[in-house]
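Count the sequence shown with our numbering and you get residues 2 to 133, in order.
Ideal Cβ positions, reconstructed from N, Cα and C, are used throughout, including at glycine.
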Amino acid sequence: MSVSDPVADMLTKVRNAAMARHEKVDIPASKLKLEIVKILKTEGYIKNFKKVTQDGFNSIRVFLKYDDKNVSVIHGIERVSTPGRRVYAGYKELPRVYNGYGTLIVSTSVGVTTGKKAAEKQVGGELLCTVW
C-alpha cells in the first residue's frame, strides 16, 4: 500500500506507540525520516534509534522515552506542511512551539534542522512538524 505522506505516517506511528506505551516502534526508512528521528533524539524526545534491515526492507527502530510515572515525553507531535498544503517561512517568521518549550522541525537549504538552529543560521524553509 502506498502512503501519500510518509512523514505524517511516521509521526502517527510514533504518536500511537507513545499513547499505547510501547517500548519501540518500527518505521520504514528514508533519509528525511532518519533526519527527523535524529532531531528527536538530540532534543530528548526519544531514548534512541537504530537502522534495521528485515527481509530486505530498511526500517528505523525508534525506542520511546517515558518519565518516572510512565508518561510519554512526547505530549504531542503534529505535521505542519502537508502534500496538499505546503507551509514555508523565512527565518524571521518561524513560529514558536508552546512558547519555546516545544520544537519546530524545518527542512532548509542546509538540511533538516530545528527552528532555533535555522533562525541562528538565518535560513528559512518548509515547516515539517512540531513536537512538544
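Item	Value
CB of Lys34 within 8 angstroms of CB of Val8, strictly	yes
Residue from Val107, Lys118, Lys117 whose Cα sits closest to the Cα of Ile37	Val107
Limits of the beta strand (DSSP E) - the one that Val111 falls within	Unbroken run through Val111: none, as it is neither H nor E.
Best match in Pro29, Val111, Ala18, Lys39 for proximity to Asp56 [C-alpha to C-alpha]	Pro29
Cα-Cα separation, Leu95 to Tyr46	21 angstroms
Local conformation of Asp27 per DSSP, three classes	strand
Distance between Lys93 and Phe64 (C-alpha atoms, nearest Å)	34 angstroms
Per-residue burial, Gly91 [other beta carbons within 10 Å of its own, 16 or more giving buried]	exposed
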